[in-house]
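Structure first, then comments.
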Amino acid sequence: MRQVQGVRRALAAVVAGMVLAGMVRPAAAVAETIRLGAILPLTGPGAVVGTQEMRGIQFAFDAVNAKGGVQGNKIDVVFEDNQAKPDVSVLSFNKLVDLQKVPMIFTGYSGPSLAMAPLATRKKILLINAGAQSDKLRNASPYLVNTLPSTGDEVAVMSKYLIQQGKKTAAVLFENDAAGIGGRDDFLDLFPKAGGTVLAQEAVQFGQTDYRPALLKLSAAKPDVLYVVITAGMVPLVQQLKQMNAGFLVAGTTFMADPAAIADPASNGIIHTQVQIDAPPDLSTAFKAKYGDDMDFFARQYYNAAQIMVTVIDKLLTEKKPITGENLHDTLFAIRSFQGLIPMEFKSNTATVPIGINKMENGKDVTLLKVTAE
Amino acid sequence: MVWLQLLVNGLVTGAALGVVAISFALIYATTKIFHVAHAGVYTLAGYLAWSLASRGMPDLVSLLVAILCCTVVGALIQHQLYARLERRRATHLVVLIASLGALAVIQNVIAATYSSNILQFPVPWGSRVETFGSVRLTWTQILTVVLSVAAYAGTMWFAHRTILGKQIRAVASNPFLAEITRLRPQRIYVIVVAIGSAIVALPGVLVPLDLGLQPYGGVTPLLTATIAMIAGGVGSITGAFVLAVGIAVLQNLSLLVIPGEWSIGVTFFIFVIFMLFRPTGLFAKAR
Amino acid sequence: MDFLYSYIILAEVYVLLGLSTNLLVGIAGIFSVSQAAVFGVGAYLVAHFLMTETLGFIPALVVAAAACIALNIVVTLPSLRVSGDYFVVTSFGIQLLATAVFTNWTNATGGANGLPGIPPPDLFGLPLESTGQLVILCSVAMAIGGLAFWLLMRAPFGRLLRAIREDELAVAAAGKNVLRAKVSAAALAGAFAGSAGGFYATFLSFVDPSSFDLDASILLLTMVVVGGARTLAGSILGPFLLLALPQVLTLVEIPTSIAAAMRQLIYGVLLILFMLFRPQGLAGEKL
Amino acid sequence: MAGPDPAIPSRTLPRDEGSPVTAPYLQAQGVEVAFGGLRALRDCSFTVDKGKITCLVGPNGAGKTTIFNVITGFLRPNDGHVSFQGRSLDGLRPQAIVAAGIARSFQNLRLFVDLSALDNVMVALPSQAGEEPVGALFRPLHVARAQRAQRERAREALAHVGLADKAGEYVRNLSYGEQKLLTIARLLATGAELLLLDEPASGLSAGALDGIMALLRRLQQEGKTLLVVEHNTRVVQQIADDVLFLHQGHLMAQGTPETIIADPALAEIYFGGAL
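Chains as they are written, first to last, in my numbering: chain L, 1 to 374; chain X, 375 to 661; chain A, 662 to 948; chain W, 949 to 1223.
Below is the structure:
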């Protein structure tokens, strides 16, 4: 009997739980507020990047709202923490769409974005990814738009450059997650196509900053160049490379451009491709004043993505169309070219942006040349 | 000579890990509490030292203050949490879950205060390199080895040569008997967790000095240290230290034969197999 | 209503997992923190069969459950050999080993990229695509799981397991086969976890290693603890409440930059408070 | 009342074809047990006769509980053999030995404190339907029916030791004397015919002591054989048919209570050694 009673009580509590779950932020918001969503990792190891992304978005919309909003409409972004996990992302997606009625959502990280892509197609919700670069994101959904090139584009540019410089043998150090493995796969494919040979590869776990064993093993293969696809922990990496005093060139992707690593003298001579996105000095200063951190690559990307949304919403409001996911999507492709922090064009779901080859020198990141990927 | 550098790197990592292992072993052997929150104390030490160092405090002062704070935090966890649970006659499982809760609290207080970015210590001297034949070590690495071995020697001296150390070992071997002889185990427990926390603060500062700070970064070192403690035989400080060094060396050298992404998996695989065939550890005394 | 539906579906999947954890941890007293690994194997297997179109959903589920029965027996084997905290560490090891396999066995699991595009579940060839249909499917599954759990607990088998949790030796002295009962409990827990994995994979249409890591195992444990150990009511209550908790906490006004860490922090505080003041959870029995 | 109580299941073992009918009921031969350097049992040999109450006495550390552990399969001897009704028990697991008809109690009771008295007894009932998951899941009605019958048998076992009105009580709410009786009810539920009792009378009040002794006598009359570890010489004198005197892991003497107690050498060991 006790058991049956318990079950009844449990059922009551389940109902209560559902009610509580549904209570999120009463929808009695001000009429002229446009509400958007963002699903980013704000806790866990992914939070390093997620927090910067959140700040980029918040910073952009705060500025817009301070000036009275878009045609008088304030923009409010509801942030959801997905801990970089796909299942939490799906739950958050449904929550934002059903309860907050958001027409678009900012995402980052490949796994969560891929998990949400089918839902976005089905519900016609625009997903803007300004952080993840997995090649699979290119065709995951017509409603998933990437404002930065995929890793493959960067690898292609770098491979060509390396061969031109006479660096024909390479070793790969990659992070054992979607971003790192994607980059490794691209490199294994594209570097030989450009005429080079990959001698060795070694993985490290995300956030595991002791690279020494992997670096030692790779250097034993005596490559001309070490290609690095790692998203966090750059300062220990450059210091440990310096410690080894290795004879090879170190090359990487946009991920390499961690300001703290560039500032460290140990990074001298490292080259990397750089998805072009610059912040004017006054913007950087204001950002640093507000958050105490530099406006890094991800903050700039999401700031830029937020500005793209402002442009699209502005046009929709001018045309007096309702702000739905479908309209946002169509208008984005109708505008096609954007002048945000960097000029970009949407020929497909993935923006075409110039890619630079940079070299770290005496605490500065110097652009050697710029290429526009196909 | 790749293997030589790998071996030396393993010894460096292992020395720091060994100190984590002996601090945990000291606590576990005495209180029998599986103190997972120890990983939080370990992480806290680094952040405290970083706060002070980046505000211009001398490096040594930062280290000592961090050690002092961790001692207090450890004592508080024992006195406010574990002792209360003990009075309520909580099972092992309950204490373990409470400890997991305490770990979550410490980690997220850190994450909320410092953000979850990887932080670097502002110590330019740390990455300076010394060359010994074909082996190259940073100053931080050299300091890590020296201080870790000193911490091990100090702990051994403390446990075997001081009255308090002997009392602790008495309580560890038989809390009931110790109670009759009026050693007051609960008081000893607080002292032991405090001392263990002070010891773990050392690698807690030294390792991030080399590799950077992360709020959620304490769990893997603690688990590996736990494995070392069990494999070394619970109650044996030397066993815990030696096994920790051994595991770190093996993890480093294993790269010569297996891809690096499998090294953690292989470590735990060997451990699981080991537990099936020799569950009392290599250094355990015959009973 | 999709949000509510997906909340219910996910909670129901976790109820199946909670039943699994409750059987193993709460009832048989085998403190495993590797249930997420078994859950993951179930998910990957069902995903594999559906993506290669070798089996329909129900047969795939059956095969996955059978495989997880075998697997769970193997992973709980050390608990028959080592006890208490030693098994906890072994179990941690098994969990980390499983994560390494999920992440690195790229051919089978898609590696860190995961497996996208898993087809929706079908009932004998009839695909269930809408969330509404999935809610019904998962509710039926949860009802079957709950009924099975209830039947097991009221049968002599349930009583035997409770007795084993209290005193294995006394059970053996009463002429019962402790080993067989424990292995049976592990097998059942494997069946529950494996089929939960199948529902999870088809609902999300995507699996990757992050859903089956140590954090997932600990979340699962927390659900059982908060809901309450050893009862059906507790196993249902825990998942529904814990999945709703983050949503409720968004009602509290805290700065966004630290909101997430604060949420996790509250989570840890809850764990501690429950252990201190209500170790039986909301609707369970004393742990 | 003669013969086993019909309420309590009893099992007899088919005898080995070759063994003579005169094989001792329970026999230990040259049992050796060593823990590290300590020899807990050395060349320990004795027999126990069917239908008798045999008391096992000796100073602390003589190996009394160790021999219990050996007989019931909890401890593998380093050497030596134990046989029951002519059949060897060597290498059998505890549950197989219970099935063969030998069950034991523990000095520290080892009751299931979070279970009711009735459930404590029911755990020990042999071969119940629904004791494994397949039966529990797929034949629930059969299991429920069988449980009703089993519950009756458990109640009768409780009634037998005088705990009929305590069936629903949790163990922690029972007095120490009641808990001791409950361990005996649990033993009876196994259906074993040879009962090994580890200090059933220790720590009891005089009244409870008499109750236990009467109960042991009654069990003997019902056809059970009892092997009892006991310190209290008064209890030994009153209930024992036969006494085994164990010293330093070896059988020193065997005889009636009178002869053993009258032996000054044994008394010296017993009382001298105890002090």
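By construction, the Cβ of each residue, glycine as well, lies at the ideal position given by its N, Cα and C atoms.
Starting from residue i, follow the alpha helix (DSSP H) in both directions and report where the run begins and ends.
| i | result |
| --- | --- |
| X/T367 | In the structure displayed, chain X extends from 375 to 661; residue 367 of chain X sits before or after that span and is not available. |
| X/P577 | P559 to L585 |
| W/E1206 | P1205 to A1210 |
| W/E1080 | W/E1080 -> no alpha helix (DSSP H), and no H or E assigned at all. |
| L/L218 | R212 to S219 |
| A/H709 | Q696 to M712 |
| W/H1231 | Nothing about residue 1231 of chain W can be reported from this structure: the residues present for chain W run from 949 to 1223 only. |
| L/S89 | P86 to L99 |
| W/K1114 | Neither: W/K1114 is in no alpha helix (DSSP H) and is coded neither H nor E. |
| W/R990 | First-last for W/R990: L986 to V996, but that is the beta strand (DSSP E), not the alpha helix (DSSP H). |
| A/T883 | L875 to G888 |
| W/N1068 | A1065 to V1071 |
If contacts are defined as beta-carbon pairs under 8 Å, then residue i and residue j qualify, I think. What distance do you get, rounded to the angstrom?
| i | j | result |
| --- | --- | --- |
| A/I719 | A/G851 | Wrong, their Cβ atoms sit about 18 Å apart, outside the cutoff. |
| A/T751 | X/V646 | 6 Å |
| W/V996 | W/T1173 | 7 Å |
| A/S667 | A/A857 | So it is not a contact: roughly 16 Å between Cβ atoms. |
| A/V686 | A/F860 | That pair is no contact at about 21 Å. |
| W/V1071 | A/V832 | 7 Å |
| L/L376 | L/L328 | Limits of chain L in this structure are 1 at one end and 374 at the other, which puts residue 376 of chain L out of reach. |
If you measure between the beta carbons of residue i and residue j, is that distance less than 8 Å?
| i | j | result |
| --- | --- | --- |
| L/V238 | L/D210 | no |
| L/K364 | L/I262 | yes |
| X/A525 | X/L576 | yes |
| X/L470 | X/V410 | yes |
| A/G895 | A/V885 | yes |
| A/L813 | W/P1081 | yes |
| W/F1193 | W/V979 | no |
What is the DSSP secondary structure of residue i, reduced to helix, strand or coil?
| i | result |
| --- | --- |
| X/Y488 | helix |
| A/D783 | strand |
| L/L114 | helix |
| A/V724 | helix |
| W/H1179 | coil |
| L/R25 | Unreliable placement is indicated for L/R25, whose pLDDT of 42 sits below 50; the coordinate value is still reported in the next sentence. Coil. |
| W/P972 | coil |
| A/F860 | helix |
| X/T536 | coil |
| L/L241 | helix |
Could you spell out where the beta strand (DSSP E) holding residue i opens and where it closes?
| i | result |
| --- | --- |
| L/G37 | T33 to L40 |
| L/P354 | P354 to E361 |
| L/K347 | Looking at the DSSP string, L/K347 is not in any beta strand (DSSP E), and its letter there is neither H nor E. |
| L/M104 | M104 to T107 |
| L/D282 | No beta strand (DSSP E) holds L/D282; the alpha helix (DSSP H) holding it covers P281 to Y291. |
| W/H1029 | D1027 to F1032 |
So with Cβ pairs under 8 Å, would you call residue i a contact of chain C?
| i | result |
| --- | --- |
| W/E1100 | Given the protein chain composition of this structure (L, X, A and W), no chain C is represented. |
Is the segment 178 to 193 of chain L touching the segment 377 to 393 of chain X in the sense that three or more CB pairs, one from each, lie closer than 8 Å? no
At least three beta-carbon pairs within less than 8 Å, the segment 833 to 843 of chain A to the segment 1033 to 1047 of chain W: yes
Is there contact here, the segment 445 to 459 of chain X with the segment 481 to 496 of chain X, by at least three beta-carbon pairs under 8 Å? When C-beta atoms of the segment 445 to 459 of chain X are compared with those of the segment 481 to 496 of chain X, fewer than three pairs fall below 8 Å, so the two segments do not count as touching.
Between the segment 98 to 111 of chain L and the segment 272 to 280 of chain L, do three or more beta carbon pairs fall short of 8 Å? no
Given 8 Å, three or more beta-carbon pairs between the segment 609 to 626 of chain X and the segment 430 to 437 of chain X: no
Within 8 Å, do at least three Cβ pairs link the segment 108 to 122 of chain L to the segment 894 to 901 of chain A? With a cut-off of 8 Å, the segment 108 to 122 of chain L and the segment 894 to 901 of chain A do not count as touching, because too few Cβ pairs lie within range.
Contact the segment 726 to 742 of chain A vs the segment 887 to 896 of chain A: 3+ CB pairs below 8 Å: As far as the Cβ criterion goes, the segment 726 to 742 of chain A does not touch the segment 887 to 896 of chain A, which means the pair count is below three.
Does the segment 587 to 600 of chain X come close enough to the segment 867 to 874 of chain A to have 3 or more Cβ pairs within less than 8 Å? no
At a cut of 8 Å, does the segment 793 to 803 of chain A reach the segment 983 to 999 of chain W through at least three beta carbon pairs? no
Three or more beta-carbon pairs under 8 Å between the segment 992 to 1010 of chain W and the segment 1161 to 1175 of chain W, yes or no? yes
Give a yes or no on contact between the segment 223 to 234 of chain L and the segment 243 to 259 of chain L, applying the rule of three or more CB pairs nearer than 8 Å. yes
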